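Chemist: Read in order, the letters of the sequence shown are residues 1 to 206 in the working numbering. Quick one: this structure, given as structure tokens, is what I'll be asking you about.
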Amino acid sequence: MMNPTIIGIAGGTASGKTTIAKRLYDEALKNGSVSLLKIDDYYYNKDKIPLSNNGKRNYDHPDSYDSSLILEHLQNLKKGIAINKPLYDFVTQSRKTTTEKIYPSNVIIVEGIMAFAIDKLLNLYDIKIFVDTPDDIRFIRRLQRDMTIRGRSLDSVVCQYLESVRPMHHAFVEPSKKYADIIIPEGGYNDVAFDILMSKIEKLQK
Numbered sequence: 001m002m003n004p005t006i007i008g009i010a011g012g013t014a015s016g017k018t019t020i021a022k023r024l025y026d027e028a029l030k031n032g033s034v035s036l037l038k039i040d041d042y043y044y045n046k047d048k049i050p051l052s053n054n055g056k057r058n059y060d061h062p063d064s065y066d067s068s069l070i071l072e073h074l075q076n077l078k079k080g081i082a083i084n085k086p087l088y089d090f091v092t093q094s095r096k097t098t099t100e101k102i103y104p105s106n107v108i109i110v111e112g113i114m115a116f117a118i119d120k121l122l123n124l125y126d127i128k129i130f131v132d133t134p135d136d137i138r139f140i141r142r143l144q145r146d147m148t149i150r151g152r153s154l155d156s157v158v159c160q161y162l163e164s165v166r167p168m169h170h171a172f173v174e175p176s177k178k179y180a181d182i183i184i185p186e187g188g189y190n191d192v193a194f195d196i197l198m199s200k201i202e203k204l205q206k
């Protein structure tokens, strides 16, 4: 059985989680092997996503993710067993037919808004990081991302934000910040906080 360091990265939508995950990945790669699991890839297909009160699919609820599969995959990686990670298509709102092979590694990074809101995952993390960014900055980033990368319209992004993203953030994501070992402000661009984080990871690796 391997003894990898598992790092959970949570925070609101477009908070800078991916920025931190990428920096961590690049730094960890200098000293050994590293794997990255994005929780967004574990969304259920559209027909299994729970409905909100307005009858629309709520992609910002913990039940929208296949948490049992995430848990199984993390446990397998911890045991030294490779996994076939799903890949999610945000245009079709379903999983792709192809998967990504993820091999066991010294460091495993798990990134997603619900990383700490899914209870069964909490005990697996050796370090829990919450990326804290003001709501207005996060909304602007999400708007730009969803329109440019995911082909969404302005109206659909705004409606989803007001109807589910914002209320679910305050119901699940923000409260999960209490589980964090380290809170990184300024949307992931705080170098002092990042250096402290890297020192902690290096100690765990010894």
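Glycine included, every Cβ here is placed at the ideal spot set by N, Cα and C. Please read these numbers as outputs of a predicted model, since none were measured by experiment.
Which residue wins for smallest C-alpha separation from Met114, given the options Ile81, His170, Asn76?
Modeler: Counting from 1 along the sequence shown, the entry for residue 114 is found at position 114. Comparing Cα positions, the closest option is His170.
Chemist: Can you name the start and end residues of the beta strand (DSSP E) that Ile201 belongs to?
Modeler: Here residue 201 refers to the residue found at position 201 of the sequence shown. No beta strand (DSSP E) contains Ile201, which is instead part of the alpha helix (DSSP H) from 191 to 205.
Chemist: Rounded to whole angstroms, what is the Cα-Cα separation between Ile9 and Ile109?
Modeler: As a first step, residue 9 is located in the sequence shown; it is residue number 9 there, counting from the start. As a first step, residue 109 is located in the sequence shown; it is residue number 109 there, counting from the start. Cα to Cα, Ile9 sits roughly 7 angstroms from Ile109.
Chemist: Name the one or two DSSP bridge partners that Leu51 has.
Modeler: In the sequence shown, residue 51 corresponds to position 51, counting from 1. Leu51 pairs with Arg57.
Chemist: Within 10 angstroms of the Cβ of Gly32, are there 16 or more other Cβ atoms? Answer buried if so, exposed if not.
Modeler: Residue 32 sits at position 32 when you count from the first residue of the sequence shown. The residue in question, Gly32, is exposed, as its Cβ has fewer than 16 Cβ neighbours within 10 Å.
Chemist: Note down the Cα distance separating Leu71 from Asn54, rounded to an integer number of angstroms.
Modeler: Taking the first residue of the sequence shown as 1, we reach residue 71 at position 71. Taking the first residue of the sequence shown as 1, we reach residue 54 at position 54. If I take the Cα positions, the gap works out to 30 angstroms.
Chemist: Measure from the alpha carbon of Ser68 to the alpha carbon of each residue in Arg95, Ser52, Ile118, Asp60, then state which is nearest.
Modeler: Position 68 of the sequence shown, counted from the start, is the residue given in the question as residue 68. Of Arg95, Ser52, Ile118, Asp60, the residue nearest in Cα terms is Ile118.
Chemist: I believe Ala28 touches Val131 by the beta-carbon criterion, under 8 angstroms. Please report the beta-carbon distance rounded to the nearest angstrom.
Modeler: Counted from its first residue, the sequence shown places residue 28 at position 28. Counted from its first residue, the sequence shown places residue 131 at position 131. Contact between Ala28 and Val131 does not hold, since the beta-carbon distance rounds to 17 angstroms and is not under 8 angstroms.
Chemist: In terms of residue numbering, what span does the beta strand (DSSP E) encompassing Ser35 cover?
Modeler: The sequence position of residue 35 within the sequence shown is 35, counting from 1. Its beta strand (DSSP E) spans residues 34 to 38.
Chemist: Tell me whether Gln144 is buried or exposed, calling it buried when 16 or more other Cβ atoms sit within 10 Å of its Cβ.
Modeler: Stepping through the sequence shown from its first residue, residue 144 is reached at position 144. Label assigned to Gln144: exposed.
Chemist: Answer with buried or exposed for Glu202, where buried requires no fewer than 16 other C-beta atoms within 10 angstroms of its C-beta.
Modeler: The residue you call residue 202 lines up with position 202 of the sequence shown. Looking at its Cβ environment, which holds fewer than 16 other Cβ atoms inside 10 Å, Glu202 is exposed.
Chemist: Within a Cβ cutoff of 8 angstroms, which residues of the same chain sit near Pro50, ignoring the five residues on either side of it in sequence?
Modeler: For the purposes of this step, residue 50 is taken as residue 50 along the sequence shown, with counting starting at 1. Cβ neighbours of Pro50 beyond the five flanking positions: Arg57, Asn58, His61, Asp63, Ser64.
Chemist: Look up Arg150 in the DSSP assignment and say whether it is helix, strand or coil.
Modeler: Sequence index remark: in the sequence shown, residue 150 carries index 150 (1-based). If DSSP states are grouped into helix, strand and coil, Arg150 belongs with coil.
Chemist: Determine the extent of the alpha helix (DSSP H) in which Thr5 is found, giving its start and end residues.
Modeler: Locating residue 5 in the sequence shown gives position 5, counting from the first residue. Thr5 -> not in any alpha helix (DSSP H); beta strand (DSSP E) instead, spanning 5 to 11.
Chemist: For the putative contact between Arg152 and Ser15, defined by C-beta atoms under 8 angstroms, what is the C-beta separation to the nearest angstrom?
Modeler: For the purposes of this step, residue 152 is taken as residue 152 along the sequence shown, with counting starting at 1. For the purposes of this step, residue 15 is taken as residue 15 along the sequence shown, with counting starting at 1. Not quite, the Cβ-Cβ distance comes to about 19 angstroms (not below 8 angstroms), so this is no contact.
Chemist: What's the C-alpha gap between Ile182 and Gln205?
Modeler: In the sequence shown, residue 182 corresponds to position 182, counting from 1. In the sequence shown, residue 205 corresponds to position 205, counting from 1. Taking the straight line from one Cα to the other gives about 18 angstroms.
Chemist: Under 9 angstroms, do Leu74 and Ile129 count as touching if we go by C-beta distance?
Modeler: Counted from its first residue, the sequence shown places residue 74 at position 74. Counted from its first residue, the sequence shown places residue 129 at position 129. For Leu74 and Ile129, no; Cβs fall outside 9 angstroms.
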